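Chains A and B, in that order, give the protein sequences. Counting in our numbering, the first sequence runs from 1 upward without gaps. Counting in our numbering, the second sequence runs from 1 upward without gaps. Report on the following structure.
2 protein chains.
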Amino acid sequence: MELRYPNGKVYKPQEVKNNPHLKQRIYGNRGMTLEEDINETNLYYLEQEIAVIHKKPTPVQIVNVDYPKRSAAVIKEAYFKQASTTDYNGIYKGRYIDFEAKETKNKTSFPLQNFHEHQIKHMSDCVKQDGICFVILRFSSTDEIYFLDAKHLLTFWTRKNAGGRKSISKQEVETYGHPLAIGFRPRIDYIKVIDKLYF
Amino acid sequence: MELRYPNGKVYKPQEVKNNPHLKQRIYGNRGMTLEEDINETNLYYLEQEIAVIHKKPTPVQIVNVDYPKRSAAVIKEAYFKQASTTDYNGIYKGRYIDFEAKETKNKTSFPLQNFHEHQIKHMSDCVKQDGICFVILRFSSTDEIYFLDAKHLLTFWTRKNAGGRKSISKQEVETYGHPLAIGFRPRIDYIKVIDKLYF
Numbered sequence: 001m002e003l004r005y006p007n008g009k010v011y012k013p014q015e016v017k018n019n020p021h022l023k024q025r026i027y028g029n030r031g032m033t034l035e036e037d038i039n040e041t042n043l044y045y046l047e048q049e050i051a052v053i054h055k056k057p058t059p060v061q062i063v064n065v066d067y068p069k070r071s072a073a074v075i076k077e078a079y080f081k082q083a084s085t086t087d088y089n090g091i092y093k094g095r096y097i098d099f100e101a102k103e104t105k106n107k108t109s110f111p112l113q114n115f116h117e118h119q120i121k122h123m124s125d126c127v128k129q130d131g132i133c134f135v136i137l138r139f140s141s142t143d144e145i146y147f148l149d150a151k152h153l154l155t156f157w158t159r160k161n162a163g164g165r166k167s168i169s170k171q172e173v174e175t176y177g178h179p180l181a182i183g184f185r186p187r188i189d190y191i192k193v194i195d196k197l198y199f
Numbered sequence: 001m002e003l004r005y006p007n008g009k010v011y012k013p014q015e016v017k018n019n020p021h022l023k024q025r026i027y028g029n030r031g032m033t034l035e036e037d038i039n040e041t042n043l044y045y046l047e048q049e050i051a052v053i054h055k056k057p058t059p060v061q062i063v064n065v066d067y068p069k070r071s072a073a074v075i076k077e078a079y080f081k082q083a084s085t086t087d088y089n090g091i092y093k094g095r096y097i098d099f100e101a102k103e104t105k106n107k108t109s110f111p112l113q114n115f116h117e118h119q120i121k122h123m124s125d126c127v128k129q130d131g132i133c134f135v136i137l138r139f140s141s142t143d144e145i146y147f148l149d150a151k152h153l154l155t156f157w158t159r160k161n162a163g164g165r166k167s168i169s170k171q172e173v174e175t176y177g178h179p180l181a182i183g184f185r186p187r188i189d190y191i192k193v194i195d196k197l198y199f
């Protein structure tokens with residue numbers, strides 16, 4: 001996917017990579033991370049009453065909480081727990097939506113180690129219940145984003161477990177996935193792909 | 001709803017209330033809290049591949065994390081955040097499921113202050129998207145549990161905002177809700193009510 005400056009010149013992310021100041025400036029204008037872009041997108045869907053999709057809070061095991069007088073409780077000791085589901089879920093036109101978003105710096109493939117066994121199990125469970133389940137994959141070096149149905153991810157995961165390659169090749173992502181353009185509002189319009197594939 | 005001892009004698013929760021030891025013993029056998037009962041129920045649905053429904057993690061604002069060498073990251077300062085959704089959601093037969101579970105010690109009504117404006121907003125949003133959305137209400141003094149469709153809750157909420165009563169009367173809960181029996185596996189079989197009402 002090509003991004004262009006207003007003068008028509010193609011925007012090259014390589015320029016950004018070696019210039020921290022520029023990176024700060026450009027990314028500061030259009031959203032720093034994939035997670036932020038997706039959160040903005042979900043907020044847009046919510047405000048426009050298109051869909052209700054939220055990121056789940058980070059699971060934390062709380063060990064020690066201090067309750068000072070006249071002020072809010074302070075958690076003094078807690079640990080990150082492994083999530084038992086994917087990060088995002090919600091509803092669109094009555095259907096259950098469930099997805100995970102991941103990035104890689106790799107240029108030629110998407111490593112499957114980005115996913116955990118329990119996330120794969122959860123996606124498999126949701127697919128069995130007839131949910132709309134997918135992953136959003138970002139190749140950060142070229143800022144390309146793809147929508148990949150969980151059924152394909154599960155196939156690649158099974159191939160890995162059978163001793164096959166530990167990643168999805170870029171070409172496979174292009175073949176089985178659907179490119180997601182970066183826009184202004186919404187930033188990553190994944191509902192458009194859902195409309196095309198499932199409705 | 002009546003619970004009976006094996007000898008047929010009716011189980012009276014009043015006896016338990018004044019005897020901490022007995023409370024410990026009896027509740028220890030059948031689940032301490034409504035939340036635990038629902039989590040056990042959801043685990044049962046998951047294992048039996050009936051439905052995929054999870055409790056969302058408690059939202060926490062993490063301020064300070066310590067990364068000691070060779071051990072897990074420790075969260076040293078964090079605060080509880082208000083949730084922007086209900087506590088439970090997931091999928092059953094392709095349909096989106098969303099609910100909140102609340103308890104009251106009141107005997108004659110269920111106070112609406114148990115719900116927050118943002119939870120009501122979220123339920124209203126989900127209802128518009130044609131989700132299966134409801135609350136599980138427990139009257140703890142009699143251990144009665146009801147399933148109430150969110151549409152009714154929204155009506156009572158509107159009545160409150162229009163200057164009406166600040167609670168749902170017990171009789172209204174009985175009229176518009178559906179009693180949920182406490183069982184062994186699953187403990188609170190709310191899918192049975194969903195089957196009856198929405199499929």
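From the three backbone atoms N, C-alpha and C, an ideal C-beta is built for every residue, glycine too. Keep in mind that this is a model prediction, so the values were computed, not measured.
With three or more beta-carbon pairs closer than 8 Å as the criterion, would you say the stretch 150-158 of chain B touches the stretch 74-81 of chain A?
The stretch 150-158 of chain B vs the stretch 74-81 of chain A: no contact.
Rounded distance between the beta-carbons of residue 54 (chain B) and residue 84 (chain B), thought under 8 Å:
In fact, because the Cβ distance is near 16 Å, the residues do not count as touching under 8 Å.
Less than 7 Å between C-beta atoms, sequence neighbours within five positions excluded: which residues of the same chain meet that for residue 160 (chain A)?
Taken in chain order, the residues that qualify are 112 and 166.
Mind checking whether residue 138 (chain A) and residue 40 (chain A) have CB atoms under 8 Å apart?
No, the pair does not count as a contact, with Cβ atoms beyond the cut-off.
Distance check for residue 98 (chain B) and residue 65 (chain A), CA to CA, integer angstroms please.
If you draw a straight line from the Cα of residue 65 (chain A) to the Cα of residue 98 (chain B), it comes to about 29 Å.
Same chain only: Cβ atoms within 8 Å of residue 121 (chain A), ignoring 5 sequence neighbours per side:
Spatial neighbours of residue 121 (chain A) in its own chain (CB-CB distance under 8 Å, excluding positions within 5 residues in sequence) are not present.
Extent of the continuous alpha helix (DSSP H) run through residue 152 (chain B)
For residue 152 (chain B), the uninterrupted alpha helix (DSSP H) segment begins and ends at 150-161.
Would residue 192 (chain A) pass as an interface residue toward chain B - the criterion being a Cβ-Cβ separation below 8 Å?
No, residue 192 (chain A) lies away from the interface with chain B (no Cβ there is under 8 Å from its Cβ).
Which residue spans inside the stretch 104-190 of chain B form an unbroken beta strand (DSSP E) run of at least 3?
Inside the stretch 104-190 of chain B, DSSP marks whole beta strand (DSSP E) runs of 3 or more residues at positions 109-111, 132-139, 144-149, 167-169 and 178-180, from first to last along the chain.
Which residue wins for smallest C-alpha separation from residue 131 (chain B), given the options B:58, B:198, B:36 and B:147?
Checking every option, the nearest Cα to that of residue 131 (chain B) belongs to B:198.
List the residues of chain A that residue 73 (chain B) touches, going by C-beta distances under 9 Å, in chain order.
Against residue 73 (chain B), the close residues of chain A are 79 and 80, in the order they occur along the chain (beta-carbon pairs closer than 9 Å).
Using DSSP with H/G/I as helix, E/B as strand and the rest coil, what is residue 93 (chain A)?
Reduced to three states, the DSSP call for residue 93 (chain A) is coil.
Is any beta-carbon of chain A found at less than 8 Å from that of residue 179 (chain B)?
False, the Cβ-Cβ gap to chain A never drops below 8 Å.
8 Å is my cut-off, CB to CB: does residue 89 (chain B) come that close to chain A?
Yes, residue 89 (chain B) lies at the interface with chain A (some Cβ there is under 8 Å from its Cβ).
Beta carbon of residue 59 (chain A) nearer than 8 Å to that of residue 57 (chain B)
Contact: yes.
Can you check whether the CB of residue 129 (chain A) is closer than 8 Å to the CB of residue 194 (chain B)?
Not in contact: residue 194 (chain B) and residue 129 (chain A) (Cβ atoms no closer than 8 Å).
What does a CB cutoff of less than 7 Å around residue 173 (chain B) pick up in its chain, not counting 5 residues either side in sequence?
Same-chain partners within the cutoff: 110, 137, 146 and 148.
Buried versus exposed, by CB contacts within 10 Å (16 or more), residue 177 (chain B):
With 16 or more Cβ atoms within 10 Å of its Cβ, residue 177 (chain B) is classed as buried.
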